[in-house]
Amino acid sequence: MTRRVYFWNRAASVAVALFLVCVPAMAGDIDVVHAFVAPTAKVGADIPLHLTVMNRASEADALVRLRCPFANFSERVTVDKGGEGPPSKRPVQTIPVKAAGETALTPEGMHVMLLQTRQPLAAGERFTCQASFRKAGAMDVPVEVRASR
């Protein structure tokens, strides 16, 4: 009986150790690059965050949250261009990130809006935001304040 309990305790310990080793590898499959916002002199502005998500994993993922220290809120949105009239934005629960490729988030399609900026943003400033992905988990994202190219 004692050997059986010892075996299961040891097997459980090995399983937990393997899980902990694998989790950081999954987070390493996603990089967020070229993240920037445009300068604004206004406090309380709503501004789009431009960025590219690079996914090296063979499975798709999804951006579920993004937080920045210079904005009170963030919202994941998409732009509907169909129908008459100007394009309109609508909120979405998540932003899909395709497998083994790049997903560009720009104001013309799916993107993140940073709402109610807390301070003016001058060109050259840098901040660290945090992005959370469904599978890859949370990661820090360096964001630069600069004009669009």
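Residues -27 to -1, 1 to 122 in mature numbering (1 follows the signal peptide of the UniProt record, and there is no 0) are what the sequence shown spells out, letter by letter. Ideal placement from N, C-alpha and C gives every residue a C-beta, glycine not left out.
Along the chain, where does the beta strand (DSSP E) that runs through MET86 open and close? 84 to 90
So PRO21 and PRO80 are in contact, right, with Cβ under 8 Å, and what is the actual spacing, rounded? Between PRO80 and PRO21 the Cβ distance is about 4 Å, and since that is below 8 Å, they are a contact.
CA-CA distance, residue 129 and VAL70? Lying before the first or after the last residue shown, residue 129 is absent from the chain, which here runs from -27 to 122.
What's the gap between the Cα of PHE106 and the Cα of MET27? 12 Å
Just to confirm my understanding: we take VAL16, look at its own chain, exclude 5 residues before and 5 after, and list those with CB closer than 8 Å. What are they? THR90, ARG91, GLN92, PRO93
Which residues in the same chain as PHE100 place their Cβ atom closer than 7 Å to its Cβ, once the five residues preceding and following it in sequence are excluded? CYS41, PRO42, PHE43, VAL116
With distances taken Cα to Cα, identify the nearest neighbour of LEU39 among ALA95, ALA11, LEU88. LEU88
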